[in-house]
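Novice: Dropping the structure in here first, questions after.
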Amino acid sequence: MEENIILQIKSALHSLSKAERKIGEYILQHAVEIVNYNTSELAQKAGVSSATIVRFCRSIGLSGFSQLKIRLYADASGVDEDLYTDITPNENVAMIAEKLALRFNHSISQTVNQLDQSLMENVSKIIDSSTTIYVYGLGASHIVAEDFTQKFSRIGKTVVNMLDHHLLSSSFIGTDEKSVFWQYPIQVKPMKLLN
């Protein structure tokens, strides 16, 4: 699943070199026009070298300028450019909903592209075979741990979630090998590894 190229460029801007950032900013302002340019024309208009354009494309995960043009044509043509701006005061509800939908779809695409399927299958097997799942998260991660607890309890899993790590660690005493410790940020460890 391909990510939206406009949002992909926006999220990569902070990690690009100064010259590459210059191209990225130019593309964001002229996305629809870029599909009609060749490398030399874009380089001239953005005030950089043709080689920098190639480096820019590779920096954002593309094979080259041709792929950039194809992705821009698919994502930017016929789309209201205001969709790619941040939500502003006094914006109508319909525009806010469209912006949120665009970003939500982009986030799902990013997740799918970065998902390690073999790791997910291994973690699923560990959780499925576990008798008890111990969950821990501190601060904002505790909210994620609470959500995990609620969701997995609903499907019949025994989940122990405590904010106090002293109480949580003392509850490990009676665990068996099929128990799992799940910590946020994510680290899944069978209890036999903790002994």
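The numbers in UniProt numbering rise by one with no breaks, and the one at position 190 of the sequence shown is 190.
Quick reminder that beta carbons are idealized off the backbone N, C-alpha and C, glycines included.
Would you list the one or two residues that DSSP bridges to valine 160?
Specialist: Counted from its first residue, the sequence shown places residue 160 at position 160. Tyr134.
Novice: Using the Cα positions of asparagine 195 and glycine 174, report the straight-line distance between them to the nearest angstrom.
Specialist: For the purposes of this step, residue 195 is taken as the residue at position 195 of the sequence shown. For the purposes of this step, residue 174 is taken as the residue at position 174 of the sequence shown. Note on asparagine 195: pLDDT 47, under 50, position unreliable in the model; the coordinate value appears next. Spanning the two alpha carbons is a distance of roughly 12 Å.
Novice: Would you mind stating whether histidine 142 and leucine 163 have Cβ atoms separated by less than 7 Å?
Specialist: For this step, residue 142 is matched to residue 142 along the sequence shown. For this step, residue 163 is matched to residue 163 along the sequence shown. Yes; because the gap between Cβ atoms is below 7 Å, this pair is in contact.
Novice: Check whether the Cβ atoms of isoleucine 27 and isoleucine 34 lie closer than 7 Å to each other.
Specialist: Within the sequence shown, the letter at position 27 stands for residue 27. Within the sequence shown, the letter at position 34 stands for residue 34. Against a cut-off of 7 Å, the Cβ pair of isoleucine 34 and isoleucine 27 comes out as a contact.
Novice: Under the rule that 16 or more other beta-carbon atoms within 10 Å means buried, what is valine 112, buried or exposed?
Specialist: Residue numbering aside, residue 112 sits at position 112 when the sequence shown is read from its first letter. By the neighbour-count rule (16 or more Cβ atoms within 10 Å), valine 112 is not buried but exposed.
Novice: Going straight from the alpha carbon of alanine 140 to that of glutamine 29, what length do you get?
Specialist: Looking up residue 140 in the sequence shown gives position 140. Looking up residue 29 in the sequence shown gives position 29. Each residue's Cα considered, the two are about 36 Å apart.
Novice: Please determine if the segment 89-104 and the segment 56-68 are in contact, where contact requires at least 3 C-beta pairs separated by less than 8 Å.
Specialist: Too few Cβ pairs lie closer than 8 Å, so no.
Novice: In the segment 9-90, which residue ranges form an unbroken alpha helix (DSSP H) of at least 4 residues, counting only runs that do not cross its ends?
Specialist: Listed in chain order, the complete alpha helix (DSSP H) runs (minimum 4 residues) inside the segment 9-90 are 18-29, 31-34, 39-46, 50-59 and 65-76.
Novice: So, are the CB atoms of isoleucine 6 and arginine 71 less than 7 Å apart?
Specialist: As a working mapping, residue 6 is identified with position 6 in the sequence shown. As a working mapping, residue 71 is identified with position 71 in the sequence shown. No, the Cβ-Cβ distance between isoleucine 6 and arginine 71 is not below 7 Å.
Novice: Is the beta carbon of threonine 131 less than 7 Å from the beta carbon of serine 179?
Specialist: Within the sequence shown, the letter at position 131 stands for residue 131. Within the sequence shown, the letter at position 179 stands for residue 179. A contact, by the Cβ cut-off of 7 Å.
Novice: Applying the 10 Å Cβ sphere with the 16-neighbour rule, what's the burial state of threonine 88?
Specialist: If you number the sequence shown from 1, residue 88 lands on position 88. By the neighbour-count rule (16 or more Cβ atoms within 10 Å), threonine 88 is not buried but exposed.
Novice: My assumption, with CB atoms under 8 Å, is that threonine 158 sits in contact with isoleucine 133. Please give the rounded CB distance.
Specialist: Along the sequence shown, read from residue 1 onward, the residue named residue 158 stands at position 158. Along the sequence shown, read from residue 1 onward, the residue named residue 133 stands at position 133. With a Cβ gap of about 7 Å, threonine 158 and isoleucine 133 count as contacting.
Novice: Here's the rule: buried if 16 or more other CB atoms are within 10 angstroms of the residue's CB, otherwise exposed. What is leucine 119?
Specialist: Looking up residue 119 in the sequence shown gives position 119. Result: exposed.
Novice: Are the CB atoms of serine 40 and serine 50 within a distance shorter than 7 Å?
Specialist: Translated into the one-based positions of the sequence shown, residue 50 becomes position 50. Translated into the one-based positions of the sequence shown, residue 40 becomes position 40. A contact, by the Cβ cut-off of 7 Å.
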